[in-house]
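First comes the structure, then the notes that go with it.
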Amino acid sequence: MSLSEKEKVRVLVLGSGGREHSICWKLKQSPILEKLFCLPGNAGIASVAECVSGISVTDVPKVVEWCKEQKIDFVVVGPEDPLTKGVVDALSDAGILAFGPNKEAAELENSKAFMKDILHKYNVPTASYIRTTSPDEAKAYIEKQGVPIVVKASGLCAGKGVILCYTKEEAMQAIDEIMVSKIFKDSGNEVVIEELLEGEEASYFALCDGETAIPVAGAQDHKQVYDGDKGPNTGGMGAYSPAPVLTPEMEQKIMDEVMIPTVKGMKAEGKPFKGVLFAGLMIKNGQIKVLEHNVRFGDPECQTVMMRMKSDLLKTLILAAEGSFSTMPPLEWDPRTAMVVVMAAKGYPGSYAKDTPINNVAAADAMKDVVVFHAGTGMKGDQVLVSTGGRVLGVASLGNDVLEAQTLAYKAVDAIDWPQGFCRRDIGHR
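Listed below in structure tokens is the structure:
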């Protein structure tokens with residue numbers, strides 16, 4: 001009997017951010033859910049799932065052991081770290097179905113250099129590039145190519161390893177910081193240097209079964225920390241879905257030119273990709289180029305996608321993990337616009353204070369068509385909600401159009417009393 005035929009399912013979600021809160025919130029609505037756990041979770045996730053402390057998401061043997069003890073049927077892996085450590089492989093060996101790619105397939109995100117080579121080999125449109133482990137070779141390439149140019153640490157950097165360089169000095173400094181000063185540690189042992197693409201950025205998700213891909217949804221993210229797309233890149237300061245640039249014709253083009261060729265290429269490499277494939281895209285004059293692939297739901301885009309999804313997420317992810325696309329009904333979506341505004345700690349993405357009190361979240365959460373997703377929160381005592389990270393809350397809303405969703409989201413933001421927090425005031429400006 002396959003898991004999709006079971007009447008009730010015990011589920012574990014791995015992770016502790018806004019993405020995981022939105023996934024837990026959506027899973028909780030499934031009629032086939034028996035019990036929902038989240039490891040480690042956060043103060044907001046505790047309202048929809050039982051949080052599990054004392055185990056790291058990257059301690060693969062302990063995660064598997066805990067799943068066996070609790071008779072977990074299905075695991076949804078949120079962040080990239082446990083995927084690159086092989087948690088899906090270990091769960092599979094223990095006979096537990098998991099949603100996400102195995103360690104080999106997760107290399108698509110673990111190494112930007114590997115990802116670029118796959119795109120190049122299988123004719124997926126992307127920026128011209130080199131990959132190198134030599135600072136001298138990197139600087140010589142910059143001298144030859146000129147600026148503007150993009151310097152990327154090849155390894156995982158929590159969304160912060162990409163530096164856009166508009167002067168030669170900035171580019172040389174980026175090489176020194178990443179490869180010599182090691183600001184991203186070993187993730188900067190190798191760099192990818194590529195042309196700086198212009199156009200409109202968009203994000204797209206597809207479910208993959210190792211053989212092919214089916215479309216999920218698109219969104220538009222705001223990476224820079226300040227209004228007007230100014231300041232350093234962050235993990236994302238807000239997003240909305242659907243994005244006007246992603247017309248039905250453009251979505252089909254993304255599937256045909258990006259998603260399906262990537263999945264077929266990974267299969268040809270002997271590294272079949274199962275799970276959700278995220279593409280960060282640059283679109284200009286109807287043409288697409290891939291900026292990056294992630295091997296999990298991107299955040300904060302995931303929060304907007306979960307707000308709009310009407311299908312049973314649990315059933316959908318189980319069928320995808322089983323490779324049963326043929327029996328999956330078409331995904332259903334709320335036609336309205338979903339938006340999320342990220343509230344972050346002052347100082348982010350640099351240094352910031354932790355354990356600062358946050359009040360009135362319940363008042364914002366109680367508004368019609370608003371959900372406040374927690375990313376970096378904890379409880380002090382029984383009563384006081386405090387910040388524990390840089391990106392702390394995702395204030396999500398649904399509206400008939402971008403303007404209505406935006407108005408509602410900022411109304412909810414303004415209901416929250418958190419003097420040590422800030423947000424961008426122009427999410428959805430495009």
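Using full-length UniProt numbering, you'd call the opening residue of the sequence shown number 1 and step up by one each time.
Backbone N, C-alpha and C define an ideal beta-carbon position, used for all residues, glycine too.
Please read all numbers here as calculations on a predicted model, not as lab measurements.
- Rounded to whole angstroms, the separation of the alpha carbons of E20 and K380 is 21 Å.
- The Cβ neighbour count for V370, taken over all protein chains shown within 10 Å, is at least 16; the residue is labelled buried.
- K152: member of the beta strand (DSSP E) spanning I149 to A153, first to last residue.
- Going by DSSP, T132 is part of the beta strand (DSSP E) stretching over Y129 to T132.
- Beta-bridge analysis with DSSP links Q303 to no other residue.
- In the DSSP assignment, E34 is bridged to no other residue.
- With 16 or more other Cβ atoms from the protein chains shown falling within 10 Å of its own Cβ, P272 counts as buried.
- The beta carbon of K267 sits closer than 8 Å to the beta carbons of G210, E211 and F273 from its chain, once the five residues preceding and following it are set aside; these are given in chain order.
- Listed in chain order, the non-local C-beta contacts of I118 below 6 Å within the same chain comprise G265, local neighbours out to five positions each way being set aside.
- For the options V372, E404 and Q383, the alpha carbon positioned closest to that of L393 is the one of V372.
- Within the segment 340-374, the beta strand (DSSP E) runs of at least 3 residues that lie entirely inside it are, in chain order, 370-374.
- Take L3, set aside five residues on each side of it, and the residues of its chain with a beta-carbon closer than 7 Å to its own are V9, D73, F74, L97, I318 and E322, in chain order.
- Collapsing the DSSP output to three states places C423 in coil.
- In the DSSP annotation of this structure, the continuous segment of the beta strand (DSSP E) that includes R391 starts and ends at R391 to G399.
- Pairing L314 with L27 gives a Cβ-Cβ distance under 7 Å.
- Residue pairing by DSSP places C51 opposite C38 in a beta bridge.
- Residue range A213 to D221 is occupied by the beta strand (DSSP E) that includes A213.
- Distance from the CA atom of P244 to the CA atom of V11, rounded to whole angstroms, is 35 Å.
- Following the DSSP letters along the chain, one finds G378 inside the beta strand (DSSP E) bounded by residues T377 to K380.
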